[in-house]
Every structure is written in structure tokens, then in C-alpha cells.
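Residue numbers (my numbering): 14 to 206. Every residue, glycine too, gets a C-beta built ideally from N, C-alpha and C. Because the structure is a prediction, the values reported are computed rather than measured. Accompanying notes for the structure given below.
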């Protein structure tokens, strides 16, 4: 358990009901990441390391929705069940929740876009981000690229992400792109070795 050190944080990306089975924009096998993420959460809590969680928190008329000409069905509308974290994901009470996609006219795949995430990370002295959640080929991809641009060391928790895969290889391409940007693939076994 000596892998973690001061300056580390776990970033849980968009694990929300609408992206899970039964949701309006369910990610295939999305529920499978919850036990994996929970293992990471437990380690970070035990180490008293900070946990951040992003969430889509869209207005009902968000530009990404079909009704507004966007590519997606309505999802994660603020204050609805679909936007909530699932009860099976036990985020610690100290988690800092970052809402994104709150402006009707702006898409925001990245947890950094139009949010205070970078400010919170800076205030906490974070230099290394461990990133898991949904979905590999959209919000994980953009969040990781922005984190690298902001000079965070990023560990991609490859056993705790799943892709939408609109095209069959989108998730694999996204992982390749993140690694090319400097993200380090990491699995649970490596963290606790």
C-alpha cells in the first residue's frame, strides 16, 4: 500500500445512474466498474487521500440532447434520479463533487471544462491523479487530456473504466490516445503490490 503518497487524489468520473443499466445513456457493462472503483476508493480513504467525483449536471434543454439537435438522448438532468450517483458506489462524505455541463449551450466532456476542478486540485496540492469511471471514449478521454495539459501526472485505472464504443474500437483508441499523452495505465494489482 505504499504506492500512494502526499499529492495523490482519486478522480471518479461520471458514475451516474443514467450511464448504468436502465439509464437513458447506459454504457455497455458500465456497472462492472463499480466493484473495481470501490476497491480504489477504499484504498484512498484508508490513506486519507482526497477523492473527487465529477458528474454531468445538465439543464433540461442542454445542447447535447436530441431535442436540441445534439448527439445524445436526454441524460443526467440536474436534480433527477438519472443524475445521481448509484447507491452501490460508496463515495466518502469528504468527496468533492464537481458538476459539469451545467450551461445549456456548452458541451463539457472534460471534468475541467467550465468547472472549479483545477482550482480544488491546486488548493489540495495534488500532483498525481488516479482516474476511473465512465466513459473511456468521452469524459475520461477529455478529462485525462486536460489533466495532462495542466501538468498532472495521470494514472488511468484501466480496470475501472468502460467505453460507449459508438464505433467498436473507440475505447481502445481512446486508451491509446491517453497513453500517448502521457497517462500511465494502472491496474488494481499494481497499486497494492
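Would you list the one or two residues that DSSP bridges to residue i?
| i | result |
| --- | --- |
| residue 4 | For residue 4 there is no data in the structure shown, the boundaries of the chain being 14 and 206. |
| residue 22 | 142 |
| residue 197 | 168 |
Does DSSP put residue i in a helix, a strand or coil?
| i | result |
| --- | --- |
| residue 33 | coil |
| residue 27 | coil |
| residue 47 | helix |
| residue 168 | strand |
| residue 146 | strand |
| residue 58 | helix |
| residue 14 | Confidence in residue 14 is poor, its pLDDT being 43 and thus under 50, which makes the residue's placement unreliable; the coordinate value appears in the next sentence. It is coil, neither helix nor strand. |
| residue 174 | strand |
| residue 40 | coil |
Out of the options, state which residue places its alpha-carbon closest to the alpha-carbon of residue i.
| i | options | result |
| --- | --- | --- |
| residue 181 | 93, 73, 201 and 41 | 41 |
| residue 116 | 72, 68 and 183 | 72 |
| residue 168 | 184, 106, 188 and 178 | 188 |
| residue 113 | 137, 88, 107 and 100 | 88 |
| residue 23 | 186, 206 and 173 | 173 |
| residue 21 | 137, 69, 197 and 52 | 137 |
| residue 122 | 153, 100 and 107 | 153 |
| residue 106 | 65, 46, 175 and 32 | 65 |
| residue 200 | 190, 171 and 193 | 171 |
Just checking my contact of residue i with residue j at CB under 8 Å: how many whole Å lie between their CB atoms?
| i | j | result |
| --- | --- | --- |
| residue 54 | residue 104 | 7 Å |
| residue 26 | residue 147 | 6 Å |
| residue 63 | residue 139 | 7 Å |
Inset, instruction - Run through the region 66-127 for me and flag every whole alpha helix (DSSP H) of 4 or more residues, listed as ranges in chain order. - result: none
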